[in-house]
Every structure is written in structure tokens, then in C-alpha cells.
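The next block holds one structure in the form of C-alpha cells; read it before the comments.
In our numbering, the protein residues as written are 2 to 566.
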């Protein structure tokens with residue numbers, strides 16, 4: 002039968018890829034090597050089968066999945082494959098040839114294996130990304146700017162007691178959710194609490210009963226805007242908001258994590274573990290989940306070992322930093338944008354969120370053009386955004402930030418933690434290029450960035466040392482993120498969950514544009530959801546609407562003629 006989710010709905014992601022849709026005639030693997038690669042392609046893409054001539058991106062691949070394929074190749078074959086190679090030769094046959102010729106003969110640098118640390122040092126360092134957040138936390142004080150909220154409207158009978166215990170189980174499972182932070186002799190360290198101590202400190206699932214929907218929305222907003230004390234409190238809050246006047250049993254679950262403990266990708270493993278524990282608690286049986294291969298603290302120790310020191314020639318950090326120093330030399334300090342108000346000397350981080358829905362035909366057209374041009378959907382969106390910003394006054398040197406999952410090792414895939422890294426994408430828009438040419442430039446920039454993705458953003462800021470200012474974000478002020486998070490939904494058994502977007506009234510930078518893909522039951526493109534978090538110190542909502550409208554129009558025009566400037 003067809004694959005289904007926990008609630009018996011069709012599980013789109015588990016369906017085999019429909020025939021047609023860019024697939025060549027099935028070509029069987031010719032040897033064990035190709036057979037292994039076919040299996041890895043199929044696993045990463047979530048399809049039943051892959052032929053040796055099938056293109057990775059034709060089957061729904063994107064840069065994040067390419068990173069996961071690289072991780073699978075590393076663990077199965079013990080070779081380090083640059084992610085850019087997947088873009089150069091996106092078929093199994095091509096990749097098999099490339100691996101046999103290029104990688105086979107090289108005894109290059111061996112990345113140490115990420116394993117659980119036997120004895121941890123007394124002072125546990127934080128990761129590079131955490132150290133930047135701690136710096137901002139100390140600078141700005143407690144605030145909701147770096148909260149990651151998950152607001153789920155639940156329809157059906159929720160067993161509140163089982164859910165409360167399930168959340169405690171998940172806090173016990175993931176050390177990052179029971180970690181406190183403190184400075185010891187001027188250096189920030191993490192302190193992982195035991196399951197027992199965390200259980201005593203954490204209030205667990207709180208309940209707020211309100212009268213109606215309006216009060217519920219206000220209560221949800223208060224939780225989303227909660228400001229954590231990272232030295233004293235666990236970085237997770239969980240509140241169930243129930244409406245006494247609503248018919249039926251609708252309620253809203255609000256989970257808020259501080260970014261120092263989690264990232265957007267963490268929501269998938271978090272919810273899977275909540276569902277697993279909820280079912281076990283309701284049925285009164287042991288949890289029986291496989292132990293996590295590593296915890297976040299193991300990753301922080303490993304990260305420092307792998308990257309080495311920027312002062313040691315030949316270390317990963319030194320080599321990759323050299324690329325970024327060259328690539329970002331003379332980068333503009335600030336991107337000129339069509340602002341409505343002059344920028345304050347110190348950013349307030351006050352913000353608002355506005356959403357847009359783009360239709361399926363536009364989504365499908367962009368996916369088709371991306372496939373034909375050997376780029377990803379993200380690259381097509383990036384090219385359009387760069388072009389529109391340039392026309393709006395940003396000039397010919399357009400810098401946009403983006404994020405990369407940072408989970409290049411497969412033992413990290415099921416972990417709640419802060420792995421995401423920030424990339425700085427600098428595109429030269431000079432010479433009035435047509436969209437096809439601009440796509441080529443963007444592709445080159447993005448692939449280079451993926452190949453040098455290990456340098457933590459905070460190191461980049463330190464190394465490039467831009468003029469220090471509290472007025473705007475360093476190195477870039479506009480960020481574009483395609484949300485390729487691989488979770489299917491937020492249901493509980495017998496309970497339907499619908500995610501609601503609730504802004505915290507904050508903005509981390511001038512414009513943070515998140516794009517989510519919607520898919521039809523057959524897996525085809527069904528539309529794009531655009532969410533823009535913007536800085537209300539300098540922008541009005543109508544200006545943001547106009548920018549996004551122009552971006553959309555530019556992409557629609559590009560679809561009719563790729564060579565138009």
C-alpha cells in the first residue's frame with residue numbers, strides 16, 4: 002500500500018518518485034561500487050530506486066541533501082568528497098568515475114571520526130557558533146531575538162500527562178536541552194546537567210487556560226517572546242494553551258528553544274522523539290529508543306580538533322580562512338537599501354514578520370529552469386534576489402547571507418543542537434548580465450561557499466574585522482534561507498497538528514527571507530511560502546511588500562526569457 006504518516010495521511014516524502022519527471026530510462030548499476038552509490042542516492046533522496054544515469058537534482062536533490070550524500074559517501078567509503086563534485090557530476094555513473102579516478106589515488110588529510118568522548122575535560126568549551134551567541138547575549142542582555150519557536154495548533158484529544166512526560170524524556174535524551182552556560186575566568190563554558198538535576202530545575206509542560214482565541218493568541222505571543230536566563234534556566238520552555246470557550250478539544254502547544262541550544266533543523270528530530278516518547282508513555286511501555294551516537298558536547302570538542310587553529314598553516318581553519326579573506330576583500334560595509342527611516346546608531350532589534358504565497362506554476366517553473374541550468378532552486382531564488390537588490394540601489398557588489406545545516410556528519414542528523422553555520426555570498430552583478438549568466442555567477446559563488454563552509458561565521462567576522470558597529474549586522478544585512486527541513490509534519494497519534502507562524506516581534510538583521518516549499522501529493526512543486534522578518538527601525542511593511550513583489554516579477558520575467566538583463 003501507499004506510505005502513510007502517524008495519522009494515516011499520505012506520506013508524500015516516502016512515495017517513490019513518479020515516472021517521467023526528468024527521469025531517464027532506468028539504467029541498472031554495472032558493479033558493486035555503482036550499486037552502493039545508487040543505494041546512497043535513494044536513501045538520501047527518499048526514493049525507492051535510482052538508476053546510474055538519473056540526476057541527483059532531477060530527483061529533488063538540493064544543496065543540503067548534497068551535503069548529506071557527501072556524509073554518506075564518507076561513512077560508507079571512507080573518502081572525502083567535496084560537495085561541489087555532486088553539482089559537477091550529478092549522476093551515479095559520473096560520480097563513480099570521478100571517485101575512482103580523483104579520490105582513489107589520494108591519501109589526503111583524514112578527518113578524525115566524530116565519536117562519543119570517553120572522558121570530558123572539566124571545563125567544556127562551547128562551539129564557535131555558541132560563543133558568538135553568548136557574546137551577543139552578554140552585550141544585549143536577556144531578549145527573545147534568538148528564540149526558535151514552534152507553535153502547533155492541535156485538533157483532537159491530547160493526553161496532557163503523557164505529553165508532559167514525553168517532553169521530560171526528550172530533555173533527558175538531548176544534552177543540549179539541559180545545558181547551562183557560565184564564564185570561567187573570562188571563557189564561556191557549558192555545564193551539562195544530569196537528568197535528575199534537569200528534572201528538578203525544569204518546570205516541565207506548563208498549562209495556560211484562557212477564555213477565547215484572542216486571549217490564546219496573546220498567551221502564545223508572551224511565551225514566544227520569553228527571554229531566557231542562560232546561566233540559570235534550561236533553554237526550553239513548553240506551554241499548552243487551552244481555550245475554555247472553544248468548541249471541541251483544540252489547544253495550542255508552544256515550544257520555545259534558545260538558538261544557543263538548537264537550530265531550525267533540530268525541530269525534526271525533536272518532534273520525532275516527542276512522538277516516540279508520547280506513544281510509549283500512553284501505552285505504559287519502555288521508551289526503547291536507540292541511544293544517540295554522540296551528544297552536542299562531543300561535537301564541540303571534535304569541532305576544535307577538526308578545524309585546528311587559524312595560526313597553524315595547513316589546518317582546515319587556516320586554509321578555508323584564506324579563501325574567505327580573498328573572496329571578501331574590500332566587501333562593502335553596508336548594503337544600500339531603499340529604507341523608509343534613517344538607521345539608528347544602535348539597532349533596537351525590533352521587527353515584524355510578513356508572509357507571501359507564490360503559486361505552484363512559478364515554483365514549478367523555477368524548479369524546471371534550475372534543473373535545466375544545473376543549479377538548485379536556492380540558486381535561482383538567490384540570483385533573482387541579487388538582481389532586484391542591485392536595481393533597488395545595492396550597486397554591482399551584492400552581499401547576501403545564507404545558512405548551511407552544518408550537519409555534514411551523519412551521526413549529527415538526529416541531534417537537537419546548534420550546528421547551522423552562516424555563509425557570506427558575494428556576487429558581482431556588473432555588466433548588466435542576463436538571468437542565465439547571473440545564474441552561472443551565483444552558482445560559482447554558492448558552490449565555493451559550500452566548499453569552504455567549515456569556517457564558523459564568528460571567525461570570519463574576527464578575521465575580516467569589519468568596522469565594529471551596533472547599528473547593523475556585520476558583513477551582510479540581508480539573509481536568504483530555503484527551509485529544506487526534512488520533517489513531514491507535527492501530528493501526534495490521533496491528533497492533527499498545524500504549525501502556526503508567530504513572530505517574536507524581533508529582527509536579527511534588516512531582512513531575513515525564509516522560503517518554504519509546498520508539494521502536491523505526487524511530490525510535484527505546489528507553491529512557495531515566503532516569510533520575511535524585517536527591521537522596523539528602518540522599514541515599513543509596504544516597502545517590504547514592494548521589494549518581494551519586484552523579486553517575484555523579475556523571476557516571472559526570467560522564466561519567459563533567461564537571457565534578458
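Idealized CB from N, CA, C, for every residue including glycine.
Counting of Cβ neighbours within 10 angstroms places residue 466 among the exposed residues, the total staying below 16.
Sorting 394, 403, 179 and 550 by C-alpha distance to the C-alpha of residue 360 places 550 at the top. Of the residues 167, 378 and 272, the one whose Cα lies closest to the Cα of residue 200 is 167. Taking a C-beta distance under 8 Å as the contact criterion, residue 472 and residue 515 do not qualify as a contact pair.
Bounds of the alpha helix (DSSP H) holding residue 199 are 196-202.
Put simply, of 80, 306 and 282 the residue whose alpha carbon is nearest the alpha carbon of residue 128 is 306. Excluding the 5 residues flanking it on each side, residue 194 has same chain C-beta neighbours closer than 6 Å at 179, in chain order. Beta-carbon to beta-carbon, residue 153 and residue 92 are separated by about 40 Å, too far to satisfy the 8 Å threshold. Annotation: the region 256-286 contains no complete segment of the beta strand (DSSP E) (minimum length 3 residues). Under DSSP, residue 499 forms a beta bridge with 154.
DSSP places residue 535 in the strand class (E or B) of the three-state scheme. Here the region 232-239 lies against the region 255-272, with 3 or more beta-carbon pairs under 8 Å apart. With respect to residue 314, residue 322 sits apart: the two C-beta atoms are not nearer than 8 Å. Judged by DSSP secondary structure, residue 374 falls within the alpha helix (DSSP H) whose first and last residues are 361-374. Residue 463 is positioned such that its CB atom lies no closer than 8 Å to that of residue 132. Here residue 425 really is in contact with residue 477; their C-beta atoms are around 6 Å apart, less than 8 Å. Counting along the chain, no beta strand (DSSP E) covers residue 57, and no H or E run does either.
Straight-line spacing of the CA atoms in residue 160 and residue 183 works out to 37 Å. DSSP places residue 505 outside both helix and strand once states are collapsed to three, so it counts as coil.
Annotation: residue 447 to residue 402 spans about 11 Å, alpha carbon to alpha carbon. Around residue 146, the same chain offers 350, 507 and 509 as residues with beta carbons nearer than 7 Å, after the five sequence neighbours per side are excluded. The criterion of a C-beta distance shorter than 8 Å is satisfied by residue 84 and residue 68. Apart from the 5 residues on each side of it in sequence, residue 151 sits with its Cβ closer than 6 Å to the Cβ of 256 and 268 in its chain, given in chain order. By alpha-carbon distance to residue 99, the top candidate from 114, 134 and 82 is 82. DSSP places residue 239 within a strand segment (E or B) once states are collapsed to three.
With three or more CB-CB distances shorter than 8 Å, the region 331-342 counts as touching the region 538-554. A distance below 7 Å between beta-carbons, with the five flanking residues on each side excluded, links residue 332 to the following residues of its chain, in chain order: 400, 427 and 476. Annotation for residue 122: no residue places its beta carbon closer than 6 Å to its own, counting only its chain and skipping 5 residues before and after. Ranked by Cα distance from residue 284, the options 299, 207, 164 and 348 are led by 164. Residue 447 is not bridged by DSSP to any residue. In the assembly as shown, residue 436 is a buried residue. Its beta-carbon has 16 or more other beta-carbons within 10 Å. In chain order, 527 and 528 place their CB closer than 6 Å to the CB of residue 519, counting only its own chain and leaving out the 5 sequence neighbours on each side. Per DSSP, the beta-bridge partners of residue 480 are 402 and 513. If you draw a straight line from the Cα of residue 292 to the Cα of residue 554, it comes to about 49 Å. Residue nearest to residue 188 within the set 202, 126, 210 and 47 is 126 (criterion: CA-CA distance). When C-alpha distances from residue 493 are compared across 253, 55 and 28, the shortest belongs to 253.
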